[in-house]
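Listed in order, the protein sequences are those of chains A and B.
Quick note on this note's numbering: the first sequence kicks off at 1 and runs consecutively.
Quick note on this note's numbering: the second sequence kicks off at 1 and runs consecutively.
All C-beta atoms, glycine included, are put in the ideal place defined by N, C-alpha and C.
Fair warning: this is a prediction, and the values are worked out from it, not measured in the lab.
Number of protein chains: 2
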Amino acid sequence: MTDEVVTLAHGAGGKASRRLVEELFLPELRNPLLEPLGDAALVSANGTRLALTTDSYVVRPLVFPGGDIGELAVNGTVNDLAVSGATPLALTAAFVIEEGFPVDDLRALAHSAAQAAQAAGVSIAAGDTKVVERGAADGLFVTTSGVGLLDPRVRLEPSRVRPGDRVLVSGGIAEHGIAVMLARGNLALELDLESDTAPLHELAAALCELGGDLRWMRDPTRGGLATTLNELASGAGATIVLEETAIPVRDDVRSACELLGIDPFYVANEGKLVAVVAPAVAEAAVAALRRHPLGAFAADIGEVREDDVPLVLAETPFGGSRIVDMLVGDPLPRIC
Amino acid sequence: MTDEVVTLAHGAGGKASRRLVEELFLPELRNPLLEPLGDAALVSANGTRLALTTDSYVVRPLVFPGGDIGELAVNGTVNDLAVSGATPLALTAAFVIEEGFPVDDLRALAHSAAQAAQAAGVSIAAGDTKVVERGAADGLFVTTSGVGLLDPRVRLEPSRVRPGDRVLVSGGIAEHGIAVMLARGNLALELDLESDTAPLHELAAALCELGGDLRWMRDPTRGGLATTLNELASGAGATIVLEETAIPVRDDVRSACELLGIDPFYVANEGKLVAVVAPAVAEAAVAALRRHPLGAFAADIGEVREDDVPLVLAETPFGGSRIVDMLVGDPLPRIC
C-alpha cells in the first residue's frame, strides 16, 4: 500500500477501503476465517456453524431522520448476520464516549439500541464503556458485534453465483446516506427524507427458504449498491448487468441526489439487501420479499453474465450501457 | 442516575462506571444474558455453550513499554473469555482511525494484534475500519470482541464462592497501569517498568482442571484488584479478607506507586487473573499457576468469610485491618 497516511476515503467502503483491508490488514492478520472478507466470518463451535461480525459506527449527527446511532449500530450488525444466512443469537455493544456527553442523550441512544435489538429478536448480551477527554472523540462512537447461527440450508458465497442468475434488491436505494447528509443541515435542501435503517433478518430468512437457489446476499451499506455489486463481480468472476430503470429509487431521493451531484448507486443503504438467486426462483423470491413491509418495493434489477473481465454494467433506457465502478473517494464521510 | 454528563470517572471501571452500567445501561437493555454483568455473557447455540465479550481500547499512548494497543486489545478479549472459563474460538477487531494517522503505525499495530492472536491460538476472523476527520478522534481506538467455547467442567459465578474459599492472584499487581502512566512522560520518573499485557488462556485452562473446586475467576483490569474483589464480595454476599503482605507487588512498582501517591490495589492489570478456589485445592492451584511462566509469582492472598455486610478487608502486617473500597474517581484515565 503506497498511501502514507489514512484518509477519509479509506473509511468510505470503496476502493481505498478495499486497498486498506487487502494490502494492510489482510497480510498482517491473514487466516482462513478472515480471508473470505464477507460481512461475517464463519466459525465452527463443537460442530455448530456460527457467523461472527463487528462494525464501528461513527455516524454524524448521532440522531437523524428515521433513526440514530443506537438503532443503526444494532440493525447494522443484525443485518450483517442476516445476509450471511445466520439467525442473530446475541449482540455486544461497546461505547466510546467523549467526556461531557449528556447522560440523557446517552440513555436515549441506549434505549433506541435496546428497542432495535428487541425488534430483531436478539439481546445485547455484553457491553463496554470507555470515556475519553473532551476533544479526544466526537461525542460517541459505538461498536457492535454479533454472533449468529448459520442456516444449514444455504451456503452464500460469490463462487456459487452462476451466469443467468438474477440480481434482486429489496427496495429503494440511497435513502440512508441522503437522509444523513440532509440532517447535517449544511445544504439548503428542505426534503422530508428518512434513513431506511431497519433489521433485515426476516427478509433474509424468507430468502433462505430458497435453499441452494439462494446464491449470495449482502446489505449494500458504505459504497452503496455499486460497490457491493463490484465486490460480487470480482468474487464471482462474472459480470453483473443491471437494468438501470428497474432499480428502485424514490423520486425525492433521486431529486436530492441530482441536486447534490451524487450517483444513488454509491450512497449507503441501511435497510436493504441485495440477493442473487437462480433464475427459476427469481419471480417467487421477489414475491416473497414484497410480502414483507420492508420489501414492498423489491425488484429484479439484473442478471449475472459470464465474462472474462468481471464488471458491473448498467443498461440505460436508451439501449446503451455504462460501466459502474466501485466508489472512489468519499463524497459522504461518516455516514454510518 | 443523577449525573448530568459523562465524566472520566464513568470510564474508570470503579464506582461511577458501575453506576453508569447499573442505572443507565442495564435498565434500558435489561435481559437475562446481560444481567450477570460478567466479563463475558453466556450464550447457548444449538446446545453449545458459548461466551461472548467485547471491549473498546482507548489507551494513550498507543505504544507503551511492554506492549501497544493492538496487543492489548487482543489480550484483553482473550482474557475476558479465559476467565469466564472459555477457550477463545475467534475474535473480531474494529478500528476507528483519525484521518492523517500514519499507515506504517497502523500496520505495526495490526501486526502486533495478529501476533497476540497467534500467541493465544485464536484468529481475528472479522474486522471493520472507520475513519473520522482530523480532531474527531485521538489517533486510534480499537474494539475487540470474542466468542469462546465454555469449559463444561466449570461454572464460574460469584454465587458459588463459599466461606473458607481461598483467593489467589497469578502474579504482581499494578504493572500495566503504572507502565502506561510512566510512558506518558509527564512524570519525572525514570523507571524501567513494562506493562504485564499477556494472554491468560493457559493459566485459566490450568485452573479449569480443578472443575467444581474452581469457583470464580476474573482479570483485574480497570479499577484494579480492589474493584474486582469488591464486585466479587458484593456478588457473593461475602467478605474477602486479604493478607496485605501476601499480595505480590514488584518493588519498583511499589516505589512508583508511592511516588505517584496511588494505591497499587486500584491500578489496572492486563496479564493477571484472580481466582477463588476451594481451600483443599488452594496449594495445588498456586503450584499449577507457578508452573507457567506467566504465573511464576502466583500467591494465595486471602480468604472468603461469611459476613452480613459484603466488604473487602486488608489485614496489615501490624495486626490491624482496613476496608478496601471500590475505585472512586479516575486517577489514571485511558489506561486501556
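Cα separation between A/D128 and B/L200?
The count along the first sequence starts at 1 and reaches residue 128 of chain A at position 128. The count along the second sequence starts at 1 and reaches residue 200 of chain B at position 200. In this structure, the straight-line span from the alpha carbon of A/D128 to that of B/L200 is close to 20 Å.
With a cut-off of 8 Å, do at least 3 Cβ pairs link the segment 234-250 of chain B to the segment 39-57 of chain B?
Short answer: they don't touch.
Is it buried or exposed, A/E270, if we count other Cβ atoms within 10 angstroms and call 16 or more buried?
For this step, residue 270 of chain A is matched to residue 270 along the first sequence. Counting Cβ neighbours within 10 Å, A/E270 comes out buried, since at least 16 surround it.
Less than 7 Å between CB atoms is the rule here; does B/L232 satisfy it with respect to chain A?
Counting from 1 along the second sequence, the entry for residue 232 of chain B is found at position 232. No, its Cβ sits nowhere closer than 7 Å to a Cβ of chain A.
So is B/D308 buried or exposed if we call it buried at 16+ other beta carbons inside 10 Å?
Mapped onto the second sequence, residue 308 of chain B falls at position 308. A residue is called buried when at least 16 other Cβ atoms come within 10 angstroms of its Cβ; B/D308 does not meet this threshold and is exposed.
Looking at the unbroken beta strand (DSSP E) that takes in A/M1, where does it start and where does it end?
If you number the first sequence from 1, residue 1 of chain A lands on position 1. If you look at A/M1, you'll find it isn't in any beta strand (DSSP E); DSSP assigns it neither H nor E.
Coil, strand or helix - A/T245 by DSSP
The residue labelled residue 245 of chain A in the question sits at position 245 within the first sequence. DSSP, reduced to helix, strand and coil, places A/T245 within a helical segment of the structure shown.
Three or more beta-carbon pairs under 8 Å between the segment 105-118 of chain B and the segment 228-247 of chain B, yes or no?
Verdict: no, contact absent.
Using alpha carbons as the reference points, say which of A/L313, A/A90 and A/G66 lies closest to A/T77.
Start at 1 with the first residue of the first sequence, and residue 77 of chain A comes out as number 77. Comparing Cα-Cα distances from A/T77 to each of A/L313, A/A90 and A/G66, the minimum goes to A/A90.
Residues of chain B with a CB under 7 Å from the CB of A/E99: which are they?
The sequence position of residue 99 of chain A within the first sequence is 99, counting from 1. Per Cβ cutoff of 7 Å: V6, T7 and L8.
A/P102, DSSP secondary structure in three states:
Start at 1 with the first residue of the first sequence, and residue 102 of chain A comes out as number 102. In this structure, A/P102 counts as strand in the three-state DSSP scheme.
Assigned secondary structure, B/K382 (DSSP; H/G/I helix, E/B strand, else coil)
Past the boundaries of the shown model lies residue 382 of chain B; chain B is included only from 1 to 336, so the question cannot be answered.
Against A/R334, what residues of chain B qualify as contacts under a CB-to-CB distance less than 7 Å, listed in chain order?
The residue you call residue 334 of chain A lines up with position 334 of the first sequence. Those within 7 Å of A/R334 in chain B are V132.
Is it the case that the Cβ atoms of B/F141 and B/V96 are separated by a distance below 7 Å?
Your numbering for residue 141 of chain B matches position 141 in the second sequence. Your numbering for residue 96 of chain B matches position 96 in the second sequence. The answer is yes: Cβ separation under 7 Å.
Proximal residues to A/P333 (C-beta, below 6 Å), its chain only, five neighbours per side dropped
Your numbering for residue 333 of chain A matches position 333 in the first sequence. A distance below 6 Å between beta-carbons, with the five flanking residues on each side excluded, links A/P333 to the following residues of its chain, in chain order: L8.
Since A/P88 sits in a beta bridge, which residues does DSSP pair it with?
Translated into the one-based positions of the first sequence, residue 88 of chain A becomes position 88. According to DSSP, A/P88 bridges with A/G148.
Report the partner residues of B/A137 according to the DSSP bridge assignment.
Walking along the second sequence from the start, residue 137 of chain B turns up at place 137. Answer is A/A137, bridged to B/A137.
For the beta strand (DSSP E) that contains A/M217, what are its first and last residues?
Walking along the first sequence from the start, residue 217 of chain A turns up at place 217. Looking at the DSSP string, the run of the beta strand (DSSP E) that includes A/M217 is L214 to R218.
Label A/F101 either buried or exposed according to how many other C-beta atoms from any shown protein chain fall within 10 Å of its C-beta, with 16 as the threshold for buried.
Walking along the first sequence from the start, residue 101 of chain A turns up at place 101. Burial call: buried.
Would A/L140 count as contacting chain B if we go by Cβ distances under 7 Å?
For the purposes of this step, residue 140 of chain A is taken as the residue at position 140 of the first sequence. No, its Cβ sits nowhere closer than 7 Å to a Cβ of chain B.
Which same chain residues, not among the five before or five after B/D151, have their C-beta less than 6 Å away from its C-beta?
Residue numbering aside, residue 151 of chain B sits at position 151 when the second sequence is read from its first letter. The beta carbon of B/D151 sits closer than 6 Å to the beta carbons of G85 and C208 from its chain, once the five residues preceding and following it are set aside; these are given in chain order.
Quick check on B/F318: buried or exposed, where buried means 16 or more other Cβ atoms within 10 Å of its Cβ?
On the second sequence, position 318 is the one that residue 318 of chain B refers to. Its Cβ having fewer than 16 others within 10 Å, B/F318 is exposed.
Contacts that B/T53 makes with chain A (C-beta to C-beta distance below 8 Å)
Here the question's residue 53 of chain B lines up with position 53 in the second sequence. The contacting residues are T92 and A126.
List, in chain order, every chain A residue whose beta-carbon is nearer than 7 Å to that of B/R107.
Walking along the second sequence from the start, residue 107 of chain B turns up at place 107. Close partners of B/R107 in chain A (Cβ separation under 7 Å): L24 and E28.
Which class does B/S195 belong to by DSSP, given the choice of helix, strand or coil?
Translated into the one-based positions of the second sequence, residue 195 of chain B becomes position 195. Correct three-state label for B/S195: coil.
Cβ neighbours of A/S339 in the same chain (closer than 6 Å, five flanking residues each side left out):
Outside the displayed span of chain A (1 to 336) sits residue 339 of chain A, for which this structure offers no information.
Can you name the residues of chain A whose CB is closer than 8 Å to the CB of B/V147?
The residue given as residue 147 of chain B occupies position 147 in the second sequence. Near B/V147 (Cβ distances below 8 Å), the residues of chain A are V43, A45, L50, L52 and V147.
In the structure shown, what three-state DSSP assignment does A/G76 receive?
As a first step, residue 76 of chain A must be located in the first sequence, where it is residue number 76. The answer is helix: DSSP assigns A/G76 an H, G or I state.
Hey, is B/P36's beta-carbon within less than 7 Å of any beta-carbon in chain A?
Reading the second sequence from its first residue, position 36 is the one you call residue 36 of chain B. So no, B/P36 is outside the interface.
For B/P102, would you say it is in contact with chain A, using Cβ-to-Cβ distances shorter than 7 Å as the test?
By one-based count along the second sequence, residue 102 of chain B stands at place 102. Answer yes: the Cβ-Cβ gap between B/P102 and chain A drops below 7 Å somewhere.
So with CB distances below 7 Å, who are the chain B contacts of A/A40?
In the first sequence, the residue the question calls residue 40 of chain A occupies position 40. Chain-order list of chain B residues neighbouring A/A40: A126, by C-beta distance under 7 Å.
Checking 7 Å against the spacing of the C-beta atoms, do B/V74 and B/A126 come in under that value?
Along the second sequence, one-based indexing puts residue 74 of chain B at 74. Along the second sequence, one-based indexing puts residue 126 of chain B at 126. If you check the CB distance, B/V74 and B/A126 do not come in under 7 Å.
Per-residue burial, B/P61 [other beta carbons within 10 Å of its own, 16 or more giving buried]:
On the second sequence, position 61 is the one that residue 61 of chain B refers to. The residue in question, B/P61, is exposed, as its Cβ has fewer than 16 Cβ neighbours within 10 Å.
With 7 Å set as the bound, which would you pick, yes or no: does the beta-carbon of A/V274 sit closer than that to a beta-carbon of chain B?
Against the first sequence, residue 274 of chain A aligns to sequence position 274. The beta carbon of A/V274 sits no closer than 7 Å to any beta carbon of chain B.
When you check each C-beta in the segment 54-73 of chain B against every C-beta of chain A, which residues fall closer than 7 Å?
The segment 54-73 of chain B vs chain A, Cβ under 7 Å: T54, D55, S56 and V58.
Would a C-beta distance cut-off of 7 Å place A/C257 and A/Y57 closer than the cut-off?
Translated into the one-based positions of the first sequence, residue 257 of chain A becomes position 257. Translated into the one-based positions of the first sequence, residue 57 of chain A becomes position 57. By the CB criterion at 7 Å, A/C257 and A/Y57 fall outside the cutoff.
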